[in-house]
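Quick notes on the structure that follows.
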Amino acid sequence: MNCQQFQEILPYIIESGGNDEEEDHLQTCPACAELVQDLKYIATQAKLLLPMHDPSPRVWTGIEESLYRQGLIQEGRTSLMGQITIFPTQSKSWTPMGWLLAAAALTVFSVLLVNYRPQLPPAQTSAQNSIAPPAAQETADQQLIAEVSQRTPAVRRAYEDSLREVNAYIADAEQAVASNPQDAGAREYLLDAYQQKEMLYEMATVQTLP
Amino acid sequence: MKNLALTAGLTMVGILGAAAPLALATDTRSESRLDIAPGGTVNLVNNAGVVNVHAGAGRQVILISVTRSPKIEVDQSTTPDRQRVKINTHVLSEQLPTDDEARVDYDVTVPVGVAVTITTATAPITVDGLRGDVVLASETGQIVVRNISKAHVHIRGVAAPITLSGIANGHVEITSSGGAVELRNVAGPLVSVGTTSGNIVYQGDCSGGGTYTLATHSGAIDVTLPETASVDLSARSISGFVENDFPLQQKTHTSFVPKPGSSFAGTSLSGSSSVELQSFSGRIRVKKQ
Chain A
8 MNCQQFQEIL
18 PYIIESGGND
28 EEEDHLQTCP
38 ACAELVQDLK
48 YIATQAKLLL
58 PMHDPSPRVW
68 TGIEESLYRQ
78 GLIQEGRTSL
88 MGQITIFPTQ
98 SKSWTPMGWL
108 LAAAALTVFS
118 VLLVNYRPQL
128 PPAQTSAQNS
138 IAPPAAQETA
148 DQQLIAEVSQ
158 RTPAVRRAYE
168 DSLREVNAYI
178 ADAEQAVASN
188 PQDAGAREYL
198 LDAYQQKEML
208 YEMATVQTLP
Chain B
129 MKNLALTAGL
139 TMVGILGAAA
149 PLALATDTRS
159 ESRLDIAPGG
169 TVNLVNNAGV
179 VNVHAGAGRQ
189 VILISVTRSP
199 KIEVDQSTTP
209 DRQRVKINTH
219 VLSEQLPTDD
229 EARVDYDVTV
239 PVGVAVTITT
249 ATAPITVDGL
259 RGDVVLASET
269 GQIVVRNISK
279 AHVHIRGVAA
289 PITLSGIANG
299 HVEITSSGGA
309 VELRNVAGPL
319 VSVGTTSGNI
329 VYQGDCSGGG
339 TYTLATHSGA
349 IDVTLPETAS
359 VDLSARSISG
369 FVENDFPLQQ
379 KTHTSFVPKP
389 GSSFAGTSLS
399 GSSSVELQSF
409 SGRIRVKKQ
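Protein chains in written order, with the working numbering: chain A, 8 to 217; chain B, 129 to 417.
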């Protein structure tokens with residue numbers, strides 16, 4: 008069993024304790040062991056949140072969409088709801104606590120995977136180096152770099168630097184909006200950040216030498 | 129003897145061959161006059177070199193261009209209604225010009241009231257004394273705009289430093305990614321500057337009862353105001369810090385809760401102009417002139 012296989016059934020392992028094969032992997036893989044430890048800690052803390060209710064289907068849809076966006080699951084695979092219901096013996100034992108833990112585990116798992124940097128020093132305070140742009144955005148950025156690749160090195164470097172900085176701006180602004188949705192100032196930053204990026208794309212596609 | 133003559137001949141051919149590109153690389157200056165209707169627009173596209181634009185008398189656009197290679201052509205045309213003069217810099221040869229060969233220097237004189245739209249890659253742009261709208265874009269070339277009144281000034285830059293001075297009653301909108309923006313004595317109903325990492329400097333009185341917005345992600349904002357400035361000012365940084373040495377009366381109602389070191393808001397005199405300073409992670413400093 009490898010890490011990917013292990014992490015795909017992580018909610019089940021947290022809930023049930025896992026079988027021998029999963030236990031063996033846990034003994035030999037410090038990364039997965041650390042992940043499980045973190046999730047168990049969250050599970051312990053989550054007990055303090057009682058009373059609880061089953062999460063609505065929207066929660067699962069949101070998690071699923073988030074995982075699709077981050078490229079952690081692919082089109083055509085069984086939905087998260089589907090994955091859970093294929094374990095009929097487990098489905099009956101899904102208590103509200105189980106639902107919450109699974110939701111928490113999946114959310115934390117996706118966040119940890121996205122931000123997992125085993126070779127890097129502790130996370131930076133700025134989003135500039137710690138948050139990668141989504142795959143689609145990254146592809147578009149690469150197209151932009153390709154667009155300006157024939158221009159002078161200074162111009163090319165200017166675009167590369169600007170793209171990196173504006174992506175950090177977007178990430179910071181998104182974070183600010185997420186942490187305080189009522190903050191009109193944070194929303195203004197986000198709008199401004201996207202306008203900056205739009206400007207870069209427009210500039211890159213202008214033909215200065217027809 | 130025959131060999132000597134042959135050697136001498138080949139040497140001459142070699143010298144001439146080496147000199148030919150140098151001769152071709154000499155500057156070629158041309159001047160033309162193009163009719164334009166009142167309120168018309170001059171549209172100029174250049175890659176490298178220099179673009180200088182200034183106001184002049186008369187009803188014609190006077191275009192002086194200096195090219196450095198026959199691989200480059202300056203193409204100029206006027207629409208039948210004379211509403212638009214188009215000046216484009218073309219590569220003629222299939223062989224790409226070198227950076228130096230691609231340079232074209234422009235000096236453009238435009239009648240009062242004519243608008244200009246200029247796009248460059250690395251060429252610096254200087255616009256002085258116009259009375260029409262100005263739309264400028266440059267990737268890395270410095271942009272300088274001076275002495276303009278009652279006009280829209282829209283500027284975009286990637287890493288281009290941008291300097292504006294002596295703009296009266298203007299409608300100014302600047303978007304710059306990494307280039308620093310400096311505004312001296314710039315006033316009008318709308319002054320809006322947005323950068324990603326470029327620093328922003330404003331020195332002036334923010335007069336005209338206008339709306340002034342200076343925003344950046346990681347750049348610093350420095351604002352210097354005279355004591356006579358009548359402003360309703362707010363400054364806010366999410367993860368940076370703010371400093372204020374300008375005397376302001378604290379406001380009782382603000383759109384955010386002022387937090388020492390991160391934000392402040394206040395008015396000076398009647399607070400006729402609205403001034404908003406926003407830097408996500410950069411420093412904001414407001415001081416008295």
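Heads up, the beta-carbon is just placed ideally off N, CA and C, and yes, glycines get one too.
So, are the CB atoms of residue i and residue j less than 9 Å apart?
i: Gln417 of chain B; j: Leu353 of chain B; result: yes
i: Gly337 of chain B; j: Ser401 of chain B; result: yes
i: Pro166 of chain B; j: Val242 of chain B; result: yes
i: Glu172 of chain A; j: His345 of chain B; result: yes
i: Glu267 of chain B; j: Leu292 of chain B; result: no
i: Ser358 of chain B; j: Ser398 of chain B; result: yes
i: Gly257 of chain B; j: Arg274 of chain B; result: yes
i: Val179 of chain B; j: Asp233 of chain B; result: yes
i: Ser409 of chain B; j: Phe374 of chain B; result: no
i: Asp228 of chain B; j: Val194 of chain B; result: no
i: Gly298 of chain B; j: Val319 of chain B; result: yes
i: Val213 of chain B; j: Leu162 of chain B; result: yes
i: Ala315 of chain B; j: Arg231 of chain B; result: no
i: Ser391 of chain B; j: Ala363 of chain B; result: yes
i: Leu170 of chain A; j: Asp199 of chain A; result: no
i: Tyr176 of chain A; j: Leu207 of chain A; result: no
Taking all protein chains shown into account, decide if residue i is buried (16 or more other Cβ within 10 angstroms of its Cβ) or exposed.
i: Val385 of chain B; result: exposed
i: Leu191 of chain B; result: buried
i: Lys204 of chain A; result: buried
i: Asn174 of chain A; result: buried
i: Glu28 of chain A; result: exposed
i: Asp209 of chain B; result: exposed
i: Cys10 of chain A; result: exposed
i: Ser156 of chain A; result: exposed
i: Thr217 of chain B; result: buried
i: Ala279 of chain B; result: buried
i: Ser407 of chain B; result: buried
i: Pro220 of chain A; result: Because chain A in this structure spans residues 8 to 217, residue 220 of chain A falls outside the shown range and cannot be described.
Determine, for residue i, whether the minimum Cβ-Cβ distance to residues of chain B falls below 9 Å.
i: Ala158 of chain A; result: Strictly speaking, residue 158 of chain A in this sequence is Arg, with Ala absent from that position. For Arg158 of chain A, the answer is yes, since a Cβ of chain B falls inside 9 Å of its Cβ.
i: Gly3 of chain A; result: Any answer about residue 3 of chain A is impossible in this case: the structure gives chain A only from 8 up to 217.
i: Met206 of chain A; result: yes
i: Gln14 of chain A; result: no
i: Glu172 of chain A; result: yes
i: Asp148 of chain A; result: no
i: Val162 of chain A; result: yes
i: Asp31 of chain A; result: no
Whose C-alpha, out of the options, is nearest the C-alpha of residue i?
i: Thr237 of chain B; options: B:Thr169, B:Ser396, B:Val286, B:Thr303; result: B:Thr169
i: Gly171 of chain B; options: B:Ile215, B:Gly241, B:Thr195; result: In the sequence under discussion, the amino acid at residue 171 of chain B is Asn, which differs from the Gly named in the question. Per the Cα distances, B:Ile215.
i: Pro388 of chain B; options: B:Ser365, B:Ser398, B:Arg259, B:Thr324; result: B:Ser365
i: Asn372 of chain B; options: B:Lys379, B:Gly394, B:Gly269, B:Thr380; result: B:Gly394
i: Ala3 of chain A; options: B:Leu258, B:Thr324, B:Val309; result: As shown, chain A starts at 8 and ends at 217. That puts residue 3 of chain A outside it, with no answer to give.
i: Glu404 of chain B; options: A:Met210, A:Gln203, A:Leu42, A:Gly192; result: A:Gly192
i: Thr250 of chain B; options: B:Lys415, B:Gly269, B:Thr207, B:Ser409; result: B:Gly269
i: Asn327 of chain B; options: B:Val179, B:Arg212, B:Thr303, B:Pro317; result: B:Thr303
i: Thr212 of chain A; options: B:Ala265, B:Gly322, B:Asp203; result: B:Ala265
i: Val262 of chain B; options: B:Ala315, B:Thr248, B:His282, B:Ile253; result: B:His282
i: Thr248 of chain B; options: B:Phe369, B:Thr380, B:Thr226, B:Ile271; result: B:Ile271
i: Gly184 of chain B; options: B:Val213, B:Pro239, B:Thr207, B:Pro225; result: B:Pro239
i: Cys36 of chain A; options: A:Gln12, A:Pro18, A:Tyr19; result: A:Gln12
i: Arg157 of chain B; options: B:Tyr330, B:Ile290, B:Pro289, B:Asp235; result: B:Asp235
i: Arg411 of chain B; options: B:Ser383, B:His218, B:Thr382, B:Ser367; result: B:Ser367
i: Pro317 of chain B; options: B:Asp333, B:Ser305, B:Gly306; result: B:Asp333
i: Tyr330 of chain B; options: B:Ile290, B:Phe369, B:Ser160; result: B:Ile290
i: Glu355 of chain B; options: B:Gln377, B:Ala363, B:Ile349, B:His280; result: B:Gln377
i: Ile253 of chain B; options: B:Val173, B:Ser305, B:Arg187; result: B:Val173
i: Glu154 of chain A; options: A:Gln44, A:Gln14, A:Ala40, A:Met210; result: A:Met210
i: Thr221 of chain B; options: B:Ser197, B:Gln204, B:Gln188; result: Before going on, a small fix: residue 221 of chain B reads as Ser here, not Thr. Of the listed residues, the one whose Cα sits closest to Ser221 of chain B is B:Ser197.
Can you check whether the C-beta of residue i is within less than 9 Å of a C-beta belonging to chain A?
i: Thr356 of chain B; result: no
i: Thr207 of chain B; result: no
i: Ser390 of chain B; result: no
i: Gln406 of chain B; result: yes
i: Thr291 of chain B; result: no
i: Ala287 of chain B; result: yes
i: Gly306 of chain B; result: yes
i: Ala393 of chain B; result: no
i: Pro149 of chain B; result: The pLDDT assigned to Pro149 of chain B is 47, lower than 50, so where the model puts this residue is not dependable; a value taken from the coordinates is nonetheless given after this. No, Pro149 of chain B does not count as interfacial toward chain A.
i: His345 of chain B; result: yes
i: Ser325 of chain B; result: yes
Complete alpha helix (DSSP H) runs within the region 19-43 of chain A (minimum length 4 residues, chain order): 27-35
Those runs of the beta strand (DSSP E) which lie wholly inside the region 298-335 of chain B and span at least 3 residues: 299-304, 309-314, 318-323, 328-331
In chain order, which beta strand (DSSP E) runs of at least 3 residues are fully inside the region 207-266 of chain B? 212-219, 231-239, 243-248, 253-256, 262-266
Could you name each continuous alpha helix (DSSP H) segment of 4 residues or more that falls completely within the region 347-414 of chain B, going from the start of the chain to the end? none
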